[in-house]
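Numbering (the working numbering), first residue to last: 335 to 479. Just so you know, even glycine gets a beta-carbon here, dropped at the ideal spot from N, CA and C. Quick caveat, the model's predicted, so the values are computed rather than measured. Down below is the structure, laid out as structure tokens.
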Amino acid sequence: MSQVSKKQIKDEIEATVFDSFWTVVAKLTKKEEVGMFFSDFFSKTERINFAKRVSIAVLLSKGYEYRSIRDILKVSTATILKVSLKMEHDGWKLFIRKLEQVEEWEKFWHDMELSLLRLTGGGKRMFKSDEELEVLVRGRKARMK
């Protein structure tokens, strides 16, 4: 868990810092620039926590159950609930919409769905071919629309 200093800064200073921060982040236009900045900005633990929160949000948006998310990402149901509640906010909704527009992520999450189906299906799905699992994924997506 992140440590927060007990010494607070003035609201005006905090607002100015965040305003400048958001402006600079918005000006990072290349994926490499953004990656370099956030790799340096976040500690390894913060990057892992960030990646898990994003993964939880995407899996929730795709209709996965808490139990499946917990097992695949090795997170607690309390963490999943916290992310789920935050997903009601406009910032998370915007992020998920933008993320879903990226084809690489679509393929990544599609492949993850196949793996998750295989892992959570027990004996009946464990030995299905990729083509049979594709049919299950397509059926699941059709039902969610």
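Counting only runs of 4 or more residues that sit fully inside the stretch 385–453, the alpha helix (DSSP H) segments are 400–407, 411–420, 424–434, in chain order. Between LEU470 and LEU453, the gap from beta carbon to beta carbon reaches 8 Å or more. Take ARG387, set aside five residues on each side of it, and the residues of its chain with a beta-carbon closer than 7 Å to its own are VAL417, in chain order. Collapsing the DSSP output to three states places LYS341 in coil.
For the options LEU393, ILE343, PHE375, the alpha carbon positioned closest to that of GLU440 is the one of LEU393. Boundaries of the alpha helix (DSSP H) harbouring SER373: 365–375, taken from the DSSP string. Burial is judged here by how many other beta carbons sit within 10 angstroms of a residue's own beta carbon; VAL409 has at least 16 and is buried. Looking only at ALA391, ASP405, GLU437, MET446, the smallest Cα-Cα distance to LYS420 is reached by ALA391.
In the three-state reduction of the DSSP assignment, LYS361 falls in the helix class. SER463 sits in coil when the DSSP states are folded into three classes, being neither helix nor strand. Rounded to whole angstroms, the Cβ separation of THR411 and TYR400 is 5 Å, and the two are in contact under 8 Å. SER389 sits close to LEU407, with the two beta carbons spaced by under 8 Å.
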